[in-house]
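Take 33 as the starting number for the sequence shown in the numbering used here and just add one per residue.
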Amino acid sequence: TRRARVVRKVMRTHRRLGSRRLMSVFGPVSVTRMRYVARDTTSLQPLDAELNLPKEVYSHGVRKRVAEEASKDSYEETVDSVAKTTGAAVGKRQVEELAIRASSDFEAFYQTREVQRENEGEPTGEVLAISVDGKGIVMRKQDLREQTRKKAERQSHKLSKRLSKGEKRNAKRMATVATVYSIQPFVRQPEDIVAELRPAEQPVKRPRPENKRVWASVERPPEAVITEAFEEALRRDPEHNKQWVALVDGNETQLRLLKECTVRFGVVLTIVLDLIHVLGYLWKAAFVFHKEGSEEAQDWVTERLLRLLQGQSSRVAAGIRRSATRRKLSPFTARPCGQVRQLPAQVR
């Protein structure tokens, strides 16, 4: 049987005027308020609750600034930025602790926002988008994955002041980044997309993402993060009424995991390859056939990009192979200046 919880009312009849120190964005301040105390129990400060003061010394404003800066820069740079732009003094260890506390509310923040959206009942865009990417994060050697850490331990540094070529390897762990959002369709023709890549005097008004959620994990494997993205999308569209799309940069592991999730969750998914990554490969090929920075290279890229958007990817790839074969450049690698050198036989 469960024991009944007994709530004992305590009368705090003694009042004492006390103060506490608070580090605000304007600097250290002293907050004076009444404390209600009684024997053998904790004291209460009703004004602390009325003013929503934190239990710790740093105000909510300082904690917000630290969280924003720590998401962009290192802890040392966060300390300098807060000191320059506010009157608060926050040490590096305190910055680390505040950043960790801020991240602990991540799940609760999105859950609260989703409940508010469901209560409002507002319709969202017809397209449900999922996007995943990878980001390398430089880690301490002891925090690397076991296989990467063993390779890093076998490395030896040639110079004491800087890293030599190839010594930057085996220093990162890959974090998987995912986002889910709804958006209205934005219908365009291939010619419109090519034209948008040029500087425009009046930018085209595009639909904005709705209820966008972004998260990342360096601890969990990519399959766990991508599965979570599908679960989030399925919760938003359980009846599969929206058009599901996935935006990726062509990473083979991500593509494989996306296809596996489409089968597991029983959804029809349209995979969209990031156009900027495609352009990068086209420019590399253009500098093999034409001088870098020339009009010929730009026209070559524009023509083939348009054909790719028109669904002629196989013909574009075949044409590039034929051009390379005629120039006896297969296989090849291109230097930035456009010069070509043959690969060694063992690489081919």
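Even for Gly, the Cβ is constructed at its ideal location relative to N, Cα and C.
Check your understanding: Cβ of Glu128 within 8 angstroms of Cβ of Tyr107?
Key -> yes
Point to revise | Backbone secondary structure at Thr117 - three-state DSSP | key: helix
Check your understanding: Can the beta-carbon of Val164 be found closer than 8 angstroms to that of Gln286?
Key -> yes
Check your understanding: If you draw a straight line from the alpha carbon of Pro86 to that of Tyr68, how long is it in whole angstroms?
Key -> 18 angstroms
Review point. Quick check: the region 208-227 against the region 253-267, are there 3 or more CB pairs under 8 angstroms?
Key: yes
Review point. How should Phe319 be labelled, buried or exposed, when 16 other C-beta atoms within 10 angstroms of its C-beta is the threshold for buried?
Key: buried
Check your understanding: So what's Ser106 in DSSP terms, helix, strand or just coil?
Key -> coil
Review point. Taking just the CA atoms, how far does Thr208 sit from Glu251?
Key: 9 angstroms
Practice item. Give me the Cα-Cα distance between Ile162 and Arg336, rounded to the nearest whole angstrom. Key: 27 angstroms
Check your understanding: Span of the beta strand (DSSP E) holding Asp7?
Key -> Given a span of 33 to 380 for the chain in the structure shown, any question on residue 7 remains unanswerable.
Exercise for review: For Asp306, collect the residues of the same chain with a Cβ closer than 8 angstroms to its Cβ; drop the 5 residues on either side in sequence, then sort them by chain order.
Suggested key: Leu279, Val280, Asp281 and Gly282
Review point. For chain B, is any of its Cβ atoms less than 8 angstroms away from the one on Arg205?
Key: The structure shown contains no chain B; it is built from a single protein chain.
Exercise for review: Report the option in Trp247, Glu228, Gly312 and Glu82 whose CA atom is closest to the CA atom of Ser136.
Suggested key: Trp247
Review point. Which residue's Cα is closest to the Cα of Thr334: Ala356, Val310 and Ser355?
Key: Val310
Exercise for review: Leaving out five residues on either side along the sequence, give the residues of the same chain with a beta carbon under 6 angstroms from the beta carbon of Gly21.
Suggested key: The requested residue 21 is not part of the displayed model; the chain covers only 33 to 380.
Exercise for review: Give the straight-line distance between the Cα atoms of Arg65 and Asp80, rounded to the nearest whole angstrom.
Suggested key: 8 angstroms
Practice item. Can you tell me which of Arg71, Val170 and Gly59 puts its alpha carbon nearest to the alpha carbon of Thr45? Key: Arg71
Check your understanding: Looking at the structure shown, is Pro60 part of a helix, part of a strand, or coil, going by DSSP?
Key -> strand
Exercise for review: Give a single yes or no on whether Glu223 has its beta carbon closer than 7 angstroms to a heavy atom of the ligand ATP.
Suggested key: Looking for the ligand ATP in the displayed structure turns up nothing, as the structure carries no ligands at all.
Check your understanding: What is the residue span of the alpha helix (DSSP H) that Glu128 lies within?
Key -> Lys124 to Ser135
Review point. DSSP three-state call for Arg240: helix, strand or coil?
Key: coil
Practice item. Run through the region 284-372 for me and flag every whole beta strand (DSSP E) of 3 or more residues, listed as ranges in chain order. Key: 301-305 and 364-366
Check your understanding: What did DSSP end up calling Arg95 once you bin it into helix, strand or coil?
Key -> helix
Exercise for review: Quick one: measure Cβ to Cβ for Val114 and Ala120, integer angstroms, because I've assumed they're closer than 8 angstroms.
Suggested key: 6 angstroms
Review point. In whole angstroms, what is the alpha-carbon distance linking Lys41 and Leu83?
Key: 25 angstroms
Exercise for review: With a threshold of 16 other CB atoms inside 10 Å of the CB of Glu101, please say whether the residue is buried or exposed.
Suggested key: buried
Exercise for review: Report the three-state DSSP secondary structure of Asp224 (helix, strand or coil).
Suggested key: helix
Check your understanding: Does the Cβ-Cβ distance between Pro222 and Leu338 come in under 8 angstroms?
Key -> yes
Exercise for review: Per DSSP, which residues does Gly157 bridge with? Please list them.
Suggested key: DSSP lists no partner for Gly157.
Review point. Is it right to say Pro239 is buried, meaning 16 or more other beta carbons lie within 10 angstroms of its own, or is it exposed?
Key: exposed
Review point. With respect to the alpha helix (DSSP H) encompassing Arg268, which residues constitute its N-terminal and C-terminal limits?
Key: Pro254 to Arg268
Review point. Going along the chain, which residues of its own chain have a beta-carbon closer than 6 angstroms to the beta-carbon of Pro241, five neighbours each way excluded?
Key: Tyr213 and Ile215
Exercise for review: Mind checking which residues open and close the beta strand (DSSP E) that includes Arg71?
Suggested key: Careful: Arg71 lies outside any beta strand (DSSP E) and carries neither H nor E.
**Study point:** Val28 versus Phe218 - alpha carbon distance
**Key:** This structure leaves residue 28 out entirely; the chain is present only between 33 and 380.
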